[in-house]
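All remarks here apply to the structure that follows.
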Amino acid sequence: MGSLLAGAAGAIIGHQSGHAVEGAAIGALIGGLSGAVIHKARERQLATRAEVEQEFRAKGVDVSTEPQVEIEALQTLPQSVRPGETVSVQGRYTAIGADAPKPEGTFRLLKDDAQVATSPLEITNTGRSEFEKNIAVPADFPDGTYECEVSIKQGDSQQVKRAPFMVASGS
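When you line the sequence shown up against my numbering, it's residues 1 to 171, in that order.
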């Protein structure tokens with residue numbers, strides 16, 4: 001199933017760049033390795049850049065005009081799932097100092113520090129925002145501890161955080 005979905009996504013991306021067949025093949029290969037279906041992130045802005053900067057100044061924090069990114073929180077819920085269930089990755093970040101360039105995010109699923117899957121983290125807000133990204137764990141996914149790694153970059157500022165979860169078949 002992962003190969004099929006990733007192949008379809010690769011074909012769409014490949015078609016947009018004029019290389020549909022290559023895109024589908026690469027997508028199928030990645031999907032076959034991971035099998036995990038990583039859904040598009042949902043993002044909700046909690047405060048504008050100006051509001052967050054005002055909050056920081058009120059606390060005596062110097063606010064630069066250069067982009068500054070901080071991942072304030074990252075967690076997985078539930079922290080233990082069975083194969084076939086879904087893990088929700090939830091986070092909160094701030095991006096201040098400039099509205100451009102927009103923040104960019106990357107999401108990686110790791111097992112023993114090796115990449116199992118990767119996906120863009122679809123974020124665009126400056127200020128303070130929260131996001132959620134769901135992972136559908138395949139029924140045949142191996143038991144073990146996995147980590148969700150989130151990287152957010154804006155200009156020269158970047159931060160990376162990880163949150164673990166466990167896959168346990170319970171047999």
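We put the CB at the ideal spot given by N, CA and C, even for glycine.
My guess is that residue i and residue j are in contact by the Cβ rule of under 8 Å, so how many angstroms apart are they, rounded?
i, j, result
"A163", "V69", "That belief does not hold up - the Cβ atoms of A163 and V69 are roughly 17 Å apart, past 8 Å."
"A136", "T86", "5 Å"
"T94", "T106", "Actually they do not touch by this definition, with Cβ atoms about 18 Å apart."
"R49", "G170", "So it is not a contact: roughly 45 Å between Cβ atoms."
Using a Cβ-Cβ distance under 7 Å, would residue i count as near chain B?
i, result
"S129", "Note that chain B does not occur in the displayed structure, where there is just one protein chain."
Quick one: what's got a C-beta closer than 7 Å to residue i's C-beta in the same chain, skipping five residues either side?
i, result
"A41", "L121, E122, I123, F131, E132, K133"
"E72", "R92, Y93, T94"
According to DSSP, simplified to helix, strand and coil, what is residue i?
i, result
"Q159", "strand"
"V150", "strand"
"E51", "helix"
"F141", "coil"
"A95", "strand"
"A114", "strand"
"A168", "coil"
"F107", "strand"
"A58", "helix"
"S64", "coil"
"I71", "strand"
"P101", "coil"
Near residue i, what residues of its chain come up, given a Cβ to Cβ distance below 6 Å and the 5 sequence neighbours on each side ignored?
i, result
"D102", "Checking the sequence shown, residue 102 turns out to be Lys, not Asp. For K102, where only same-chain residues beyond five positions count, the Cβ hits under 6 Å are T124."
"E104", "K153"
"V197", "No statement about residue 197 is possible, as the shown extent of the chain runs from 1 to 171 and does not include it."
Apart from the five residues just before and just after residue i, which ones in its own chain have a Cβ nearer than 8 Å to its Cβ?
i, result
"G127", "Q45, L46, A47, T48, R49, A50, E51, V52, T94, A95, I96"
"Q158", "V69, S151, I152"
Who are residue i's beta bridge partners in DSSP?
i, result
"N134", "S88"
"I38", "I135"
"T76", "V89"
Inset, instruction - Would you check if the segment 141-151 and the segment 53-69 touch, i.e. whether three or more CB-CB distances between them fall below 8 Å? - result: no
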